[in-house]
Amino acid sequence: MSEHTPLDILAFGAHPDDVELSAGGTLIQAAMQGKRTGIVDLTRGELGTRGSAELRAKEAAAAAKVLGLSVRENLGLKDGLPEDEDKAIHALIGAIRRHRPRTVLANALHDRHTDHGRAAELVHRACFLAGLARITTTDSDGAEHEPHRPVHVLHYIQDRFREPSIVVDISGAEVKKYAAIACYSSQFHVPGASEGRIEIPSASDLATPISTPDFMAVVRGRDLTMGRYIGVSSGEGFESRTPLGVTDLGDLS
């Protein structure tokens, strides 16, 4: 049997930077509370207009340090996710069993980028199938994984607005969240530190919807909007396909 220390939260992203933009504050808060967190990127983002897969791997490693992750890995699936679905599901099942998370965070169910919705469906299916004993997966050393099914699967909110099922208070984690996003200097024009603004030089002259100076204002605006839902300064929203339960109504903030 393959042995790994279980993660409290494992976030999946179709591309490096997906998680940072929409769930970075949640992971930072969890790490600050002593929880074990991780990210599994499905692809290397090689179809992106700006930067390269190699550069984005370096940026992802830098962002992982800012987020305080216990683990980060990349499954190396093809960007655009055109390959065999069974292969992708099998890789995802292996990651879920390897890290044994209680909670999984996944891409938005519906979004501007078609990869996001498809990745959300793949992760959702994999979380269920990972609990079936008749599906066998092994680690790189040949050790067989034990079945594992996460307790919660939540989908973070990305470019297109979605009504959240739950909002996480990330007040106080914003500086680190935006610093993690700023690690992707090939992708973003990032306002930040001094008086609320620093400018990260462009990696190329090719503009994309996320490379404009206004994009980080959109990210910040979403965090403010989600925070307003629960009466705090900043928040990150998540959507659940199933009802969320508590044992004590006093646990609700």
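Numbering (the numbering used here) for the sequence shown: 1406 to 1658.
Note that beta-carbon positions come from the ideal geometry of N, C-alpha and C, so glycine has one too.
Given the structure is predicted, the values throughout are model-derived calculations rather than measurements.
Rounded to the nearest angstrom, how far is the Cβ of residue i from that of residue j, given a contact under 8 Å?
i       : j       : result
Glu1557 : Leu1514 : Note that residue 1557 is His in the sequence shown, not Glu. No, His1557 and Leu1514 are not in contact; Cβ-Cβ is about 15 Å, not under 8 Å.
Asp1423 : Thr1442 : 15 Å between Cβ atoms; not a contact.
Leu1537 : Leu1497 : With 8 Å as the limit, Leu1537 and Leu1497 do not qualify as a contact, their Cβ atoms being about 13 Å apart.
Asn1512 : Gly1636 : The Cβ separation is near 27 Å, so there is no contact.
Arg1502 : Ala1535 : 5 Å
Ser1545 : Glu1644 : No, Ser1545 and Glu1644 are not in contact; Cβ-Cβ is about 34 Å, not under 8 Å.
Asp1516 : Gln1563 : 5 Å
Can you tell me whether residue i is helix, strand or coil according to DSSP?
i       : result
Ala1598 : Note that Ala1598 scores a pLDDT of 31, beneath 50, so its modelled location is shaky and nothing firm can be said.
Thr1542 : coil
Ala1578 : coil
Leu1412 : coil
Gly1418 : strand
Gly1655 : helix
Gly1430 : helix
Thr1442 : strand
Leu1447 : strand
Val1623 : helix
Val1573 : strand
Gly1642 : strand
Val1558 : strand
Gly1650 : coil
Glu1425 : helix
Glu1459 : helix
Expressed to the nearest angstrom, what Euclidean distance is found between the alpha-carbon atoms of residue i and residue j?
i       : j       : result
Tyr1589 : Glu1464 : 5 Å
Arg1554 : Thr1410 : 15 Å
Leu1657 : Val1572 : 11 Å
Ala1585 : His1529 : 26 Å
Thr1670 : Arg1646 : The question about residue 1670 has no answer here: the residues shown for the chain are numbered 1406 through 1658.
Ala1469 : Arg1477 : 7 Å
Leu1654 : Gly1481 : 42 Å
Asp1628 : Arg1505 : 29 Å
Gly1632 : Ala1548 : 44 Å
Gly1734 : Tyr1583 : Outside the displayed span of the chain (1406 to 1658) sits residue 1734, for which this structure offers no information.
Thr1519 : Pro1421 : 15 Å
Gly1597 : Val1471 : Unreliable placement is indicated for Gly1597, whose pLDDT of 45 sits below 50; the coordinate value is still reported in the next sentence. Their Cα atoms are separated by approximately 15 Å.
Ala1608 : Ala1467 : Only weak support is given to the placement of Ala1608: the predicted model assigns it a pLDDT of 43, under 50, and the question is left unresolved by the model.
Val1483 : Gly1450 : This sequence places Lys at residue 1483; Val is not what is there. In a straight line, the C-alpha of Lys1483 is about 8 Å away from that of Gly1450.
Asp1489 : Val1509 : 23 Å
Ala1493 : Val1623 : 32 Å
Glu1568 : Ser1576 : 20 Å
Gly1642 : Gly1485 : 25 Å
Val1580 : Gly1522 : 28 Å
Glu1459 : Ser1591 : 11 Å
Ser1660 : Gln1434 : With the chain covering only 1406 through 1658, there is no way to say anything about residue 1660.
Ala1539 : Gly1650 : The residue you asked about is not Ala; residue 1539 is Arg in the sequence shown. Spanning the two alpha carbons is a distance of roughly 29 Å.
Ile1444 : Gly1429 : 10 Å
Thr1542 : Thr1630 : 41 Å
Pro1552 : His1495 : 13 Å
His1550 : Ser1427 : 30 Å
Met1437 : Ser1457 : 31 Å
Considering only the alpha carbon of each residue, which of the options lies closest to residue i?
i       : options                            : result
Arg1507 : Phe1533, Asp1653, Ala1587          : Phe1533
Glu1640 : Asp1423, Ala1419, His1420, Thr1431 : The amino acid occupying residue 1640 in the given sequence is Gly; Glu does not appear at that position. Closest by alpha carbon: Thr1431.
Arg1625 : Ala1578, Asp1653, Ser1591, Arg1503 : Ala1578
Ala1524 : Gly1499, Ala1462, Glu1425, Thr1448 : Thr1448
Ala1500 : Gly1485, Ala1416, Tyr1634, Ala1587 : Ala1416
Gly1439 : Phe1566, Ser1475, Glu1425          : Ser1475
Glu1425 : Asp1491, Met1621, Ser1457, Ala1531 : Met1621
Ala1587 : Arg1461, Thr1630, Ala1531          : Arg1461
Asp1574 : Glu1551, Tyr1634, His1550, Ala1531 : Tyr1634
Asn1479 : Pro1648, Asp1446, Ser1427          : Asp1446
Tell me whether residue i counts as near the ligand HEM, meaning its Cβ is closer than 6 Å to at least one heavy atom of that ligand.
i       : result
Glu1464 : What this structure holds is no ligand at all, so the ligand HEM is not there to describe.
Using a C-beta cutoff of 7 Å, does residue i count as contacting chain B?
i       : result
Ala1436 : Annotation note: the requested chain B is absent from the structure, which comprises a single protein chain.
Unbroken beta strand (DSSP E) runs of length 3 or more, entirely within the region 1464-1535: which are they?
Taking only runs of at least 3 residues, the beta strand (DSSP E) segments lying wholly in the region 1464-1535 are 1476-1482, 1508-1511.
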